[in-house]
Structures are given as C-alpha cells and as structure tokens.
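Scroll down for the structure; my scribbles are underneath it.
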Amino acid sequence: MWEWLKFDNKYGTIFTPGGMLYYENISDTGALRYALNSAWLAQMYADSPTTRGSHSAWRASAFAVRQLEYALGRNPIGMVFITGTEKSPVNISHRLAHGGNNINTPARNMHVIVGALLGGPNATDEYIDQRTNFKQAVPTLDYQAGFIGILASLINHQRADCLTTLHRILSLTTPFAALGLHIIYVCIRSWWNHRRE
1 MWEWLKFDNK
11 YGTIFTPGGM
21 LYYENISDTG
31 ALRYALNSAW
41 LAQMYADSPT
51 TRGSHSAWRA
61 SAFAVRQLEY
71 ALGRNPIGMV
81 FITGTEKSPV
91 NISHRLAHGG
101 NNINTPARNM
111 HVIVGALLGG
121 PNATDEYIDQ
131 RTNFKQAVPT
141 LDYQAGFIGI
151 LASLINHQRA
161 DCLTTLHRIL
171 SLTTPFAALG
181 LHIIYVCIRS
191 WWNHRRE
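The sequence shown begins at 1 in UniProt numbering and counts up one residue at a time.
The structure is reproduced here in structure tokens:
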C-alpha cells in the first residue's frame, strides 16, 4: 500500500513542501484531483475490515485527512481550493463564472461558482489566480469525486465528528450551505446505519 506514497520512488510520487501529494509527470494539471482521489482510496483502505485498527490503517487515515485539510486552506499560501469562500481563487477558468465572451475581459469573473474543487497548486505550492491558467484554475466533475468521496468516507466511518466537520466547512463562508446539506444527509444516514447494527 505505501510503496506509492514514498518519496522518490519508482512511481514518481512526491509531496510538495506544504504536504500535498504530487505525482510527477501527471499532476501538472489538476494536482488536487490526484491528491484527493488518493486520499479517498487511502481512507477506504483504512476502513477495510481487514486493515481497520492497524498501524497502516492509521497512517492511511492520517494521510487522507492531511490531503483534505490542504485543499481546505491548511497550506503554505492559506488558499482554500474549494470555490466560493473569502480565501478561494476568484478568477477560475469556468464559462459560467466568467460571464463574458472574451477570456481576457472582464478582468474579474462576474459570477461565483460555489463548492467546486479547483485543479490546485503546482509542485512548489504556488498558484496563479488567472482565468487562462487552465492547469490550476479549472473546476471539473472528476475533480469533485475525490473531494466528496473523502468527506463522505471520513464522516460515515466516524473519523470525524459530523457536527464538527459541518461547522468547519460552513464557517469558511455561508455559500457552503449546499455542501452542508450533503454532509447533514451523510451524517444522518451514517447514524441510521450504525443504529441498526
């Protein structure tokens, strides 16, 4: 399990100075997509009946939480890579957010897309907030899978207290209310499933 997470291994995985998992040669575009999908896989490994409670499961879960925290602003530049917060990039590369006919005008996006995971920073934790920065500033559906997956997994398997997690996300900014509703649903569903066991 851990071979692909070691520094300088044959798989080309490194960690940025700020702690984001980075796959050399493929993470240039959408780095957080790979980090959060890897985090989700690590959390699923940690929650597996054959590994649950082991040291490797603990390491996998700690890794998963760290990747999620990175995306939520615990990184060297203090940026939240989920759109719609005060600390999120404002010039994302998204047609509806842009609101114009020319990629260069208006200078700032006219609309805010809320709750979308962006591609994220480069291997040195740098991010350029420009609409033409397609490698970092694009939100796409496949980026969302790892983000929502790791949130649901952490909550469903009680790696995080539902109300604490919900409060933390909602405290980032009020536009996260829609995401909060998803988390409330997962919390209730988790409680119901555990209640029946």
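Built from N, CA and C at the ideal position, the CB exists for glycine as well.
(request) Sort SER153, HIS98, LEU36, GLY115 by Cα distance to GLN130 and report the nearest one. (result) HIS98
(request) Would you mind working out which of ALA64, GLY84, GLY30, ALA123 sits nearest TYR143, comparing C-alpha positions? (result) GLY30
(request) Would you kindly work out how many angstroms separate the C-alpha atoms of ARG66 and THR124, rounded to a whole number? (result) 17 Å
(request) Taking only runs that begin and end inside the segment 81-154, name each unbroken alpha helix (DSSP H) of 4 or more residues, in chain order. (result) 95-98, 134-137
(message) Let's see if you can read the secondary structure: which residues bound the alpha helix (DSSP H) around LEU68?
(response) 55-71
(request) Rank GLU69, THR132, ALA60, ASN75 by C-alpha distance to the C-alpha of VAL90 and give the top, closest one. (result) THR132
(message) Measuring straight from C-alpha to C-alpha, what distance separates ALA160 and PHE15?
(response) In this predicted model, ALA160 has a pLDDT of only 49, less than 50, meaning its place in the structure is not dependable; the value taken from the coordinates is given anyway. Computed Cα separation, rounded: 24 Å.
(request) Using the Cα positions of ILE148 and THR105, report the straight-line distance between them to the nearest angstrom. (result) 32 Å
(request) Given a cut-off of 8 Å, decide if ALA71 and LEU117 are closer than it, judged by their beta-carbon atoms. (result) yes
(message) Classify HIS55: buried if its beta carbon has 16 or more other beta carbons within 10 angstroms, exposed otherwise.
(response) exposed
(request) For the beta strand (DSSP E) containing ILE14, list its first residue and its last residue. (result) 13-15
(message) Counting C-beta neighbours from all protein chains within 10 Å, is the total for PHE81 16 or more, i.e. buried, or is it exposed?
(response) buried
(message) Among VAL114, MET79, PRO49, whose alpha-carbon lies nearest the alpha-carbon of HIS94?
(response) VAL114
(request) Below 6 Å CB to CB, which residues in the same chain sit around ALA57 once its five sequence neighbours on both sides are set aside? (result) ALA46, THR51
(request) Would you mind reading off the limits of the alpha helix (DSSP H) that contains SER38? (result) 31-46
(message) Closest to GLU69 by C-alpha separation, out of ALA107, MET20, SER88, would be which residue?
(response) MET20
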